[in-house]
Every structure is written in structure tokens, then in C-alpha cells.
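J.: Sequential numbering of the sequence shown, starting at 274, is according to the numbering used here.
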Amino acid sequence: MKKKILVIPGDGIGLEVTRCGKAVLEQVASDNGYEFLFDEALMGHSAIEATGDPLPGETLQKAKASDAILFGAVGHIKYDSDPTLKVRPENGLLGIRKGLGLYANLRPIVLFDELLQASSIKPEVLKGTDILFFRELTGDAYFGEKVRAADYSSDLMIYHRYEVERIAVKAFEAARTRRKKLCSVDKANVLESSRLWREVVQEVAKRYPDVETTHMYADTTSMQLIKNPRQFDVILTTNIFGDLLTDEASQIAGSMGMLASASIGDGAGFYEPVHGSAYDIAGQNKANPLASILSAALMLEISFGLKEEANRITEAVRQVLKNGYRTGDIADTATDKSKILGTKEMGEKVLEFVRQSAVSKKGKAEVLPA
Ligand code: IPM
Ligand code: MG
274 MKKKILVIPG DGIGLEVTRC GKAVLEQVAS DNGYEFLFDE ALMGHSAIEA TGDPLPGETL
334 QKAKASDAIL FGAVGHIKYD SDPTLKVRPE NGLLGIRKGL GLYANLRPIV LFDELLQASS
394 IKPEVLKGTD ILFFRELTGD AYFGEKVRAA DYSSDLMIYH RYEVERIAVK AFEAARTRRK
454 KLCSVDKANV LESSRLWREV VQEVAKRYPD VETTHMYADT TSMQLIKNPR QFDVILTTNI
514 FGDLLTDEAS QIAGSMGMLA SASIGDGAGF YEPVHGSAYD IAGQNKANPL ASILSAALML
574 EISFGLKEEA NRITEAVRQV LKNGYRTGDI ADTATDKSKI LGTKEMGEKV LEFVRQSAVS
634 KKGKAEVLPA
């Protein structure tokens, strides 16, 4: 197997975590004799500093020519405190989502049992939660017409029928391979764009009679996610609601640092942690690399069809956690038994377990370490 992978570290902790994600991909390639050809490109604040553009033409070109992209994060504190700045790091990410036609963002909320204590939600409420978000990614107020005058402004919240239909089909297909439940989240009691959303999802649902379809308002969903997260299987939602609800849902998985995501569309897949650039801890070897590593696993599964290799990575992460290794964000403060590692060391621990599982697969060792 030969694949071209573009790495876009971006800003802040993106640089540190993508190194770990890439290392896992290299390990899988060398274990299996695959040829993964890596290239790198700029985006976000680092790209603005170097070229004046958050998404240089060369980055988009390289992305279009690759089989998959591993992305870190974009953002810089300088822009957070100054809303008047016109050129912004986030525009790089939005531009590449649009440029690659990445209309569906899959965000799996999977809770490792080892992290039950890391969440601020009660373990008995959380245990067994397994949600797959389908967040629409190239429509809504993110991409509708923007107007700014001296004393007013507006963002057009717009959805076309085809935009809702194509992601709904993807979400229903996924539901079929899971527990066959799909909850579509909107705000159809208030928003016209949500009424279209609901209408189209109802139409698509007729093609999937084996999937139990429900509709929930976004405000209710934000409450139900904390009250009873186990009720959800696939959640299908709009760009804005998906942005908000997946940050909330990250607390089910213990930390933003655990949440991986896959953005897919018509071409190459784009794999990114849900967390941002976290400048407060950037460059300090403190960031949790597991979201990037789990994003690399999603790449292997979704873009390259390597489900077994993806499972090996997830299992390696589980083993690392089982053995008590933690980054600061997921430390078990109640028992204080965690072995706290830096970003680099955490990445290396995962690699160790990935290597061991490759050896045991080849029959050179009998069992995985406990
Ligand atoms: C996300 C992020 C982005 C978004 C930002 C960085 C533009 O919050 O991927 O969830 O709003 O989509
Ligand atoms: Mg977000």
C-alpha cells in the first residue's frame, strides 16, 4: 500500500501533538511494509506569519494532491482579544474544509473505562456511552453571507436541501452499522433553516425504516447529553450546533484531549483532534497527544480501510491508560495514582504498545502486556 499523507501541524500544541500522530502512522507503515509518503504544509497563525495568508495556495494544492491529511490546530491568543483583525487563523481551517468539500465531520465520543474518574460527570451516568456525531461542516452561519456595517452585523444561517440530504445519508448508513438509532438535532421551533433540516431528515429517514429516528431541539440535547448520554447512538446536526455540542460531549470522554475527528467529503479525508491550539500550554510538552493519535487511527480506518490497524492503535491507547499513564488533563486527581507523562513521552508509550501488539500478531510473543 502506498499513500500520500499531508501533515498540517498549524499552531500552538498542534505542532507537538501531530508529531505523535505521525509517529504512530510511521510505525504502522513499517510494521506492515506500507509506504506512507509524508509532506508538511502551513496553516493558521504560522501561515499568516510566513506568507500573510492563513491558507496559502500551496497548502490547499498539496492537500488536494494527497490521500489524507493529518491536522493539528489553528488559533493564536493575539486574535482572541482583537475582533477587528480581518485576517484570522481560523479562516485557514474553514477555507480548507470548503476547498476540499469536507461536508461531514465525524466526532466519536468514546469513553475509555479507565477515564471514568477523569470526567466531572458521575461515572454511573457515563459508563458505556458511545456516541457518533455527524456535524455538518461546510454550511450554516459559518459560510453564509456576512455583513458588517458601522452599527449592525449579520451572518446568514443558510442550508440547501442537498447539503442536508448528503450528510443525512452518511449518518443513516453509519447508524445501520451501529445500534440503529439516529437523533437529528435542530432548532426547528425557531429557525427556518432548521425546519428545512428536519423536513429533509424526515424524508431520508423513510429510506431507512430499520433505523429508529428521533428529532431533538439543540437546547434540550445540551441538557440530555449530561443527564443521560447513553440514550444517544448517532447524532446528526448542523455546523453550529455540532460545534457547541461536541465540545460539551468531550467532557463525557474525560477531556478535549481525548477527542478525535474525521472530516470527509468527496475527496481526501481530513483528520483532526477536536481541541484547539491551547496556547497556554503550547511548547511545554504538556498537551495530550491521544486525540491526534486517535485521529490517525480514524485515518487508517476511514481513508485507507485498515480497520485492524486502527483497532491496534485504539487498543494501545487503552493499554497505556490501563497502566496508569496520563497527561495532566486526564490525571486521576481523586486517587493520585496516575503516572503523569509529557506529550512526547505519552506518544512514545503508545508507540511501545503498538509495536508490542505488532510483534504478538506475528506470533513472536504470546500476549499483550497487562
Ligand atoms: C472546531 C473548531 C473550529 C470550528 C474553529 C477553530 C474554526 O472550534 O473544529 O470545532 O468552529 O469549527
Ligand atoms: Mg469547536
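Beta carbons are placed, not taken as given, at the ideal position from N, Cα and C, and that holds for glycine.
Anyone know if the C-beta pair for Glu-313 and Val-290 falls short of 9 Å?
T.: In this structure, Val-290 does not lie closer than 9 Å to Glu-313 by Cβ.
J.: Going by DSSP, what residue range makes up the beta strand (DSSP E) through Asn-378?
T.: Here the beta strand (DSSP E) through Asn-378 covers 377-383.
J.: Give every residue of the same chain whose Cβ lies closer than 7 Å to the Cβ of Asp-539, excluding the five residues on either side of it in the sequence, and list them in chain order.
T.: Hits under 7 Å: Gly-374.
J.: At the level of alpha carbons, what is the spacing between Val-507 and Pro-381?
T.: Cα to Cα, Val-507 sits roughly 9 Å from Pro-381.
J.: Tell me which residues share the same chain as Lys-453 and place their Cβ nearer than 8 Å to its Cβ, disregarding the 5 neighbours each side in the sequence.
T.: The answer, listed in chain order, is Asp-483, Val-484, Glu-485, Asp-506.
J.: Please tell me whether Ser-534 and Ser-568 are closer than 9 Å, where the distance is taken between their beta carbons.
T.: Cβ distance < 9 Å, so Ser-534 and Ser-568 count as in contact.
J.: As a quick check of your reading: which residues have a C-beta less than 6 Å from at least one non-hydrogen atom of ligand 2, in chain order?
T.: Answer in sequence order: Asp-516, Asp-520.
J.: Please list, in chain order, all residues of the same chain as Ile-554 whose beta carbon is under 7 Å from its beta carbon, the five residues on each side excluded.
T.: Cβ neighbours of Ile-554 beyond the five flanking positions: Ile-286, Ala-560.
J.: Taking just the CA atoms, how far does Val-593 sit from Lys-622?
T.: Distance between the alpha carbons of Lys-622 and Val-593 is about 7 Å.
J.: Taking Ser-633 as the reference, give the member of Tyr-544, Arg-585, Ile-613 with the closest Cα.
T.: Comparing Cα-Cα distances from Ser-633 to each of Tyr-544, Arg-585, Ile-613, the minimum goes to Arg-585.
J.: Quick check on this structure: which residue in Asp-284, Arg-292, Leu-288 has the alpha carbon closest to the alpha carbon of Gly-620?
T.: Nearest of Asp-284, Arg-292, Leu-288 to Gly-620, Cα basis: Arg-292.
J.: Taking all protein chains shown into account, do 16 or more other C-beta atoms lie within 10 angstroms of the C-beta of Val-640, making it buried, or fewer, making it exposed?
T.: Here Val-640 scores only 44 on pLDDT, less than 50, and its place in the model should not be relied on; the value that follows carries that caveat. That one is exposed.
J.: Applying the 10 Å Cβ sphere with the 16-neighbour rule, what's the burial state of Ala-631?
T.: Counting Cβ neighbours within 10 Å, Ala-631 comes out buried, since at least 16 surround it.
J.: Kindly indicate if chain B contains any beta-carbon less than 9 Å away from that of Ser-576.
T.: Among the protein chains of the structure shown there is no chain B, as only one such chain exists.
J.: Are the beta-carbon atoms belonging to Pro-329 and Val-360 less than 9 Å from one another?
T.: No, the Cβ-Cβ distance between Pro-329 and Val-360 is not below 9 Å.
J.: In whole angstroms, give me the CA-to-CA distance for Lys-637 and Gln-334.
T.: The predicted model places Lys-637 with a pLDDT of 47, which falls under 50 and marks its position as unreliable; any figure quoted below should be read in that light. Going by the C-alpha atoms only, they are around 43 Å apart.
J.: Going straight from the alpha carbon of Arg-468 to that of Glu-409, what length do you get?
T.: If I take the Cα positions, the gap works out to 16 Å.
J.: Can you say whether Leu-624 is buried or exposed, counting buried as having 16 or more other CB atoms within 10 angstroms of its CB?
T.: It is buried - the Cβ of Leu-624 has at least 16 other Cβ atoms within 10 Å.
J.: When every heavy atom of ligand 1 is checked, does at least one fall within less than 8 Å of the C-beta of Leu-366?
T.: It does: the Cβ of Leu-366 is within 8 Å (strictly closer) of some heavy atom of ligand 1.
J.: CA-CA distance, Val-441 and Ala-346?
T.: Looking at the sequence shown, residue 441 is not Val but Ala. Cα to Cα, the separation comes out at about 27 Å.
J.: Along the chain, which unbroken stretches of the beta strand (DSSP E) at least 3 residues long are found entirely within the segment 391-448?
T.: Runs found: 403-409, 419-421, 426-428.
J.: Could you check if Met-531 is buried or exposed, using at least 16 other CB atoms within 10 Å of its CB as the buried criterion?
T.: By the 10 Å Cβ count, Met-531 comes out buried.
J.: Using the DSSP secondary-structure output, state which residues sit across from Met-572 in a beta bridge.
T.: Met-572 is not bridged to any residue.
J.: Can you tell me which of the three DSSP states Ser-536 falls into?
T.: Strand, per DSSP.
J.: Could you tell me which residues DSSP pairs with Ser-523 in its beta bridges?
T.: Answer is none; Ser-523 lacks a bridge partner.
J.: Leaving out the 5 sequence neighbours to the left and right, which residues in its chain are closer than 6 Å to Asp-605 when beta-carbon positions are compared?
T.: Answer for Asp-605: Gln-390, Ser-611, listed in chain order.
J.: Taking 7 Å as the limit between beta carbons, can you name the residues of its chain near Arg-421, skipping five residues before and five after?
T.: Once the five neighbours on either side are set aside, Arg-421 has no close Cβ partner at all.
J.: Thinking C-alpha only, which one of Arg-451, Ala-377, Phe-543 is nearest Asp-516?
T.: Of the candidates Arg-451, Ala-377, Phe-543, the one whose C-alpha sits nearest the C-alpha of Asp-516 is Ala-377.
J.: If I measure Cβ to Cβ from Gln-300 and keep anything under 7 Å in the same chain, skipping five residues before and after, which residues do I get?
T.: Contacts found: Leu-624, Val-627, Arg-628.
J.: I need the DSSP call for Met-316, collapsed to helix, strand or coil.
T.: Note: Met-316 maps to coil in three-state DSSP.
J.: Are there 16 or more other CB atoms within 10 angstroms of the CB of Glu-446, so buried, or fewer, so exposed?
T.: Burial call: exposed.
J.: Beta-carbon within less than 6 Å of Ala-583's beta-carbon, same chain only, minus the 5 sequence neighbours each way: which residues are those?
T.: So the list reads Ala-570, Leu-573, Glu-574, once near-sequence residues are dropped.
J.: Put Asp-602 into one of helix, strand or coil per three-state DSSP.
T.: Reduced to three states, the DSSP call for Asp-602 is helix.
J.: Determine the direct distance from the alpha carbon of Ala-302 to that of Arg-370, and round the result to whole angstroms.
T.: Going by the C-alpha atoms only, they are around 27 Å apart.
J.: Could you check the C-alpha separation between Glu-418 and Tyr-307 for me, to the nearest Å?
T.: Their backbone Cα atoms lie some 44 Å apart in a straight line.
J.: Which stretch, first to last residue, makes up the beta strand (DSSP E) that contains Tyr-544?
T.: Start and end: 542-546.
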